[in-house]
Each structure stands twice: as C-alpha cells, then as structure tokens.
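Comments concern the structure below.
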Ligand SMILES: [Zn+2]
Ligand SMILES: [Zn+2]
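This is the structure in structure tokens:
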C-alpha cells in the first residue's frame, strides 16, 4: 500500500510546546479506520490548549486538531460501511453512549465526553485513527477546504436549529471570523430581511460584506447602538455572538428587539460575567440561548457543503505545512488581518 512505518505528527507536549516528531503508524483495531489527513484547520480551541487556558482532560503528549479532512487509508475488522479511498470529514465528539444526554442524542453534553484532537490524537499529523462511527463520508468534489469546515459548520447548524430563526427576521452576527462568516451564510439563506455583522478587523469586514452581510460595522469606531438603531430602530430580532468576548455580549444584548433571541455561541472565558437588565429582558419577552459543539450534525453539514451553498474557499484562506503548526497555533490571534481559517497540510513542505 506504500504506507511507511512511521509518520510525521505535530505533537503538543505541554503548555507552549509543540514539536514535529516521527511517530509510529498504527494499524486500525476492530471497528476503527486509519485515516490519511489531507488538511486540518487551526481552531481557537487549539490556541487555548496551547496557552494552557484549557486543560480539562487534555493529557500531553497528544496530537491536537479536530477540523479534519481525510481519506480512508485502511479499515479495521468489522468495518463494512467504509472503504479505502473514501473522502471524509471527522466528527470529533465521542459521547460515552450510556448517559442520559447521550441516550437523548446529545453527546455534545455528555459528562465524560472524548474529543478527537485533544483527548485523543487528532489531525495535525499525516495519519490518525478514529472509530468508524465518527467518519462522515463526503463527496470529494468539496476539496480539503470543504472537509476542514464540516465540523465548524456542524456546530453552527446546531446553533441555527436552536435559534429558531423565522424567515424575514432581522439578524446581527458579532464577529466575522470562520464562525461568524458561517453563521452569516446560514442566516442569509434562511431569508433574513437585514443582516448586520460587526467586526473590528478591516480584512474581515471586507469578507463579511462580500459574503452577504447587508451592513458591516466596526464596533470599535463609534457607538454600536446608534449604528444599529439607524438600521433597525426597534432592535434586532436575532443576535448571535461569534466573538466569545463578554464585552461584546454585554454591549449587544440591549440591541435585541421585542420578542428577540440572543445566541451565546462564541466561547467566553469560563467564569466571565456580563451585566444584563432582567427587567428589559422581561419587558421584551426576550430569550437568551446557547449552543455547544456538534450533536451528530456533521452529516447535515456535509450535505450542505456538498450543495455548494457555503463558500468554503473564501473562508479557508491559507494552507500551511506542519512546520508552521506551532507558529499558527501560538499566533492564532495575530493573523486576523490576513487570514480567516488557516489549515495545515501535513504532507506539504
Ligand atoms: Zn474548532
Ligand atoms: Zn454520555
């Protein structure tokens, strides 16, 4: 099969440390597949782990990376539904299967969750092992960028389901990174009557405008409330935070319309606080709702990407070799003015 006995892997060995190493190439055990990684997206989660801000269940040495486009290289015993050469994305969320949340089809809320790419070896390597149940076949016409975005879009699809968006509603997305741009696609194509997007970085504001936002606002330049009131004097029906910045959440909450819904989607630091006016929420009969990781929504995400409705190549703006992994993860916040999603191709040099 032309497989070598070792592979190159970017191994997270401790806070602030990531090394490219030769690692043994595993054979797939029963029920598992060996996957050849085509590309793997660098995510804010990888950055938080690298910086030591997210430690829960992360046991170095481990290969990070959970936004994986791959091809099936070899299948273990008992795997009949997949065959060698199949293009796929990976669902990184593995619930215990036994708890109440798992039984209710919500493995993303499992208490003893395992995630490929930080509790199990992930995609910043030439190969990885995964249970066959986590492999999401895709048409290879979507290319590596389509595979890389499948997991993030699956998270956004879950959020969109939970948002309860109604056609003709107005919406505002805070942030125009990968998540914010994907949210804008789903809202726009859900017949949003006015889509406002906020973003502090000029490069990303231009992207947001090109990819469909009706109005793009720099929240750092002037009064956000005034700018939004100029568009929607009675407030916005659906507001989605895709920044994970508690200040942005606090600033935008009062801009909800009566009957509006605020979606907590970006990951704010644990323990952070925002001030809300409970009377105002009461008076508007507003809802605050949240969404966390993908509950088996990658199949729908794959179908949506295959449909061509998501401009994946506009969002994955760079593909870099494994040698650039540590710098890309460490500098996650430093390339916002040039890139949206950065992917690693472990075969590139
Ligand atoms: Zn991610
Ligand atoms: Zn469970």
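In the numbering used here, the protein residues as written are 4 to 352.
Each residue gets a CB set at the ideal place from its N, CA and C atoms; glycine is no exception.
The structure displayed is predicted, hence computed values, not measured ones.
Q: Indicate, with yes or no, if ligand 2 has a heavy atom lying under 7 angstroms from the CB of residue 246.
A: no
**Q.** Straight-line Cα distance separating residue 277 from residue 145
**A.** If you take the alpha carbons of residue 145 and residue 277, they lie about 40 angstroms apart.
Q: Using a threshold of 8 angstroms, state whether the C-beta atoms of residue 36 and residue 118 are closer than that.
A: no
Q. Between the segment 117–136 and the segment 66–80, are three or more C-beta pairs nearer than 8 angstroms?
A. yes
Q. Using CA coordinates, which residue listed in 15, 88, 124 is at the minimum distance from residue 53?
A. 15
Q | residue 316 (DSSP reduced to helix, strand or coil) | A | helix
Q: When you get a sec, list the residues whose CB is within less than 5 angstroms of any heavy atom of ligand 2, chain order please.
A: 98, 99, 102, 105, 113
Q: Compute the beta-carbon to beta-carbon distance between residue 314 and residue 108, rounded to the nearest angstrom, for a pair I have assumed lies under 8 angstroms.
A: With 8 angstroms as the limit, residue 314 and residue 108 do not qualify as a contact, their Cβ atoms being about 30 angstroms apart.
(Q) Residues in the same chain with beta-carbon distance under 7 angstroms from residue 82, minus the five sequence neighbours each way, listed in chain order, please. (A) 34, 36, 135
**Q.** Nearest to residue 176 (by Cα), restricted to the options 152, 147, 207
**A.** When each option's Cα is compared against that of residue 176, the closest is 207.
(Q) Short of 6 angstroms in beta carbon distance, which residues of its chain neighbour residue 222, apart from the five on each side in sequence? Order them along the chain. (A) 201
**Q.** alpha helix (DSSP H) segment containing residue 20, residue limits
**A.** Segment 20–27 is the beta strand (DSSP E) holding residue 20; no alpha helix (DSSP H) there.
Q | Bridge partners - residue 239, DSSP secondary structure assignment | A | 259
Q. Are residue 74 and residue 38 touching if we call contact CB-CB under 8 angstroms?
A. Contact: yes.
(Q) Rounding to the nearest angstrom, what Cα-Cα distance links residue 233 and residue 169 in this structure? (A) Those two C-alpha atoms are separated by around 22 angstroms.
Q. Taking the C-alpha atoms as reference points, what is the distance between residue 189 and residue 163?
A. 7 angstroms
Q) Over what stretch of residues does the alpha helix (DSSP H) that includes residue 220 continue unbroken? A) That residue, residue 220, is in no alpha helix (DSSP H); its beta strand (DSSP E) goes 218–220.
Q.
Taking 8 angstroms as the threshold (C-beta atoms), are residue 105 and residue 301 in contact?
A. no
Q | Unbroken alpha helix (DSSP H) run spanning residue 293, endpoints | A | Element bounds for residue 293: not the alpha helix (DSSP H) but the beta strand (DSSP E), 290–293.
Q. In whole angstroms, what is the alpha-carbon distance linking residue 193 and residue 303?
A. 16 angstroms
Q | Neighbouring residues (CB closer than 7 angstroms to any heavy atom of ligand 1) | A | 44, 46, 47, 48, 69, 70, 154, 155
(Q) If you reduce the DSSP assignment to three classes, tell me which class residue 15 lands in. (A) strand
Q) Just curious, the alpha helix (DSSP H) that residue 112 is in, first and last residue? A) DSSP places residue 112 outside any alpha helix (DSSP H), giving it a letter other than H or E.
**Q.** Option nearest residue 268 by Cα separation, candidates 210, 248, 216
**A.** Closest option to residue 268, judged by alpha-carbon separation, among 210, 248, 216: 248.
Q | Pick from 32, 44, 51 that is closest to residue 273, judged by C-alpha positions | A | 51
Q.
With the cut-off set at 8 angstroms, would you say residue 43 and residue 149 are in Cβ contact?
A. For residue 43 and residue 149, no; Cβs fall outside 8 angstroms.
Q: Under 7 angstroms Cβ to Cβ from residue 305, same chain only, skipping five residues before and after it: list those, please.
A: Excluding its 5 nearest sequence neighbours in each direction, residue 305 has C-beta neighbours in its own chain below 7 angstroms: 92, 139, 141, 153, listed in chain order.
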